[in-house]
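Undergrad: Quick one: the structure is below, questions incoming.
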Amino acid sequence: MHETVVAQNMIDAVLQEAKKHCKKPVRIKVSCGQLNALNEEVFGFAFDVVSQGTLCEGVQVEIEHKPFQAQCQDCHQTFDLDIDQPQCTACQSDSFELMPDAPLILEEIEFLEE
Ligand SMILES: [Zn+2]
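If you want it as structure tokens, here you go:
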């Protein structure tokens with residue numbers, strides 16, 4: 000399952016950082032695109048299971064879903080693509096190029112401050 004593998008990788012990365020800083024992580028922020036989107040419920044469950052017994056146990060997970068971005072061929076504006084209304088938000092042109100999907104990344108780790 001996609002979510003379990005991602006949870007494992009994220010936890011490994013968080014633990015590495017936690018060791019480096021000798022601090023306990025309390026919250027992480029993950030961002031993803033549309034094609035690699037994480038299901039929040041499934042990811043939350045996978046994260047809880049995989050983090051059991053590690054420093055990541057109980058860490059709060061926030062997921063940011065980034066929309067598709069497109070660049071208008073007419074006015075060259077980059078905009079968030081609305082799948083239901085695929086047109087440039089600046090000039091309403093329907094001639095645009097789809098940008099690469101946002102990567103799945105660990106954006107932030109918040110540590111417990113002592
Ligand atoms: Zn435009």
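In this text, residue positions in the sequence shown follow numbering that gives the first Met the number 0: the first is 0, and each later residue adds one.
Just so it is clear, CB atoms sit at the ideal spot from N, CA and C, and this is done for glycine as well.
1. Is Ala89 near ligand 1, going by C-beta to nearest heavy atom under 6 Å?
2. What is the rounded straight-line gap between the Cα of Pro136 and the Cα of His1?
3. What ranges does the beta strand (DSSP E) occupy inside the region 4-55, keeping only unbroken runs of at least 3 residues that lie completely in it?
4. Applying the 10 Å Cβ sphere with the 16-neighbour rule, what's the burial state of Leu103?
5. From what residue to what residue does the beta strand (DSSP E) around Val60 run?
6. Nearest-angstrom Cα distance between Cys21 and Glu112?
TA: According to the data block:
1. For the purposes of this step, residue 89 is taken as residue 90 along the sequence shown, with counting starting at 1. The answer is yes for Ala89.
2. This structure leaves residue 136 out entirely; the chain is present only between 0 and 113.
3. 24-31
4. Your numbering for residue 103 matches position 104 in the sequence shown. Within a 10 Å sphere around the beta-carbon of Leu103 sit 16 or more other beta-carbons, which makes this residue buried.
5. Here the question's residue 60 lines up with position 61 in the sequence shown. Going by DSSP, Val60 is part of the beta strand (DSSP E) stretching over 59-64.
6. For this step, residue 21 is matched to residue 22 along the sequence shown. For this step, residue 112 is matched to residue 113 along the sequence shown. Cα to Cα, the separation comes out at about 11 Å.
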